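Engineer: Structure below; questions to follow.
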Amino acid sequence: MVKEFTFKDIKDMKVSIEKFIELFNEDKAILLDIRMPFETAVWGVKFSLEIPYNELANRLNELPKDKKIVCACPHEYRASMAKEYLRFKGFNTGTLNGGLLELMSSLKGANAKDIKLK
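Residue numbers for the sequence shown follow numbering that gives the first Met the number 0, beginning at 0 and rising by one.
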C-alpha cells in the first residue's frame, strides 16, 4: 500500500549529508544502517543504529518516534526500500543522499570533527 505524499514530501525524503550532520548534531536524527551483518563487520559506522533490512519489521520498537530516521546503505537502493516501509509504519524518515560512501567521503580527515559523537 502506498501512502499519499506531496512534492514537498519527496524533497524532504532525501536528506543531504550536510543536513544529516546538522540534525544528528542537534539530536534530531539518527542514522539507520540497514546493511547486512557481514557488511557492517567489515566496515561499521560507529554512530549508526545497525538493523539489517531483512530484520526491520521485527525491530521497529528500537526506533525512536521523536527523531528523523535517516536510512542508509552504500548507494541508497536498500535505504529507499527501508524508508518507504518506515514511512508506511508512521515514522519520520528519509534516505541519505549519496549513501554511506558519500557520507564517509565527506567525513575524511579533519572533516571527521564535523559530526558530534556522544
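Glycine included, C-beta positions come from ideal geometry on N, C-alpha and C.
None of the values given here were measured: they were computed from a predicted structure.
Find the nearest neighbour of Ile29 within the set Ser105, Gly93, Glu101, judged by alpha-carbon distance.
Structural biologist: Along the sequence shown, one-based indexing puts residue 29 at 30. It is Gly93.
Engineer: Less than 8 Å between the CB atoms is what I'm expecting for Ser15 and Asn91, so what's the real figure, rounded?
Structural biologist: For this step, residue 15 is matched to residue 16 along the sequence shown. For this step, residue 91 is matched to residue 92 along the sequence shown. Their Cβ separation, rounded to whole angstroms, is 16 Å, which puts Ser15 and Asn91 out of contact at 8 Å.
Engineer: For Leu106, I'd like the list of residues in its chain whose CB is within less than 7 Å of its CB, leaving aside the five on either flank, ordered along the chain.
Structural biologist: In the sequence shown, residue 106 corresponds to position 107, counting from 1. Only Asp113, Ile114 meet the Cβ criterion.
Engineer: By DSSP, does Glu49 sit in helix, in strand, or in coil?
Structural biologist: Counted from its first residue, the sequence shown places residue 49 at position 50. Here Glu49 sits in strand by DSSP.
Engineer: Buried or exposed, going by whether 16 or more other CB atoms sit within 10 Å of the CB of Arg86?
Structural biologist: Mapped onto the sequence shown, residue 86 falls at position 87. Under this definition Arg86 is a buried residue.
Engineer: Using only the alpha-carbon positions, how far apart do Val44 and Asp32 sit?
Structural biologist: The sequence position of residue 44 within the sequence shown is 45, counting from 1. The sequence position of residue 32 within the sequence shown is 33, counting from 1. Rounded to the nearest angstrom, the two C-alpha atoms are 8 Å apart.
Engineer: What number of angstroms, rounded off, separates the C-alpha of Ile50 from the C-alpha of Met35?
Structural biologist: One-based indexing of the sequence shown puts residue 50 at position 51. One-based indexing of the sequence shown puts residue 35 at position 36. So the alpha carbons of these two residues sit roughly 8 Å apart.
Engineer: Quick one: is Glu17 buried, meaning 16 or more other Cβ sit within 10 Å of its Cβ, or exposed?
Structural biologist: Numbered from 1 along the sequence shown, position 18 holds the residue referred to as residue 17. Flag for Glu17 reads exposed.
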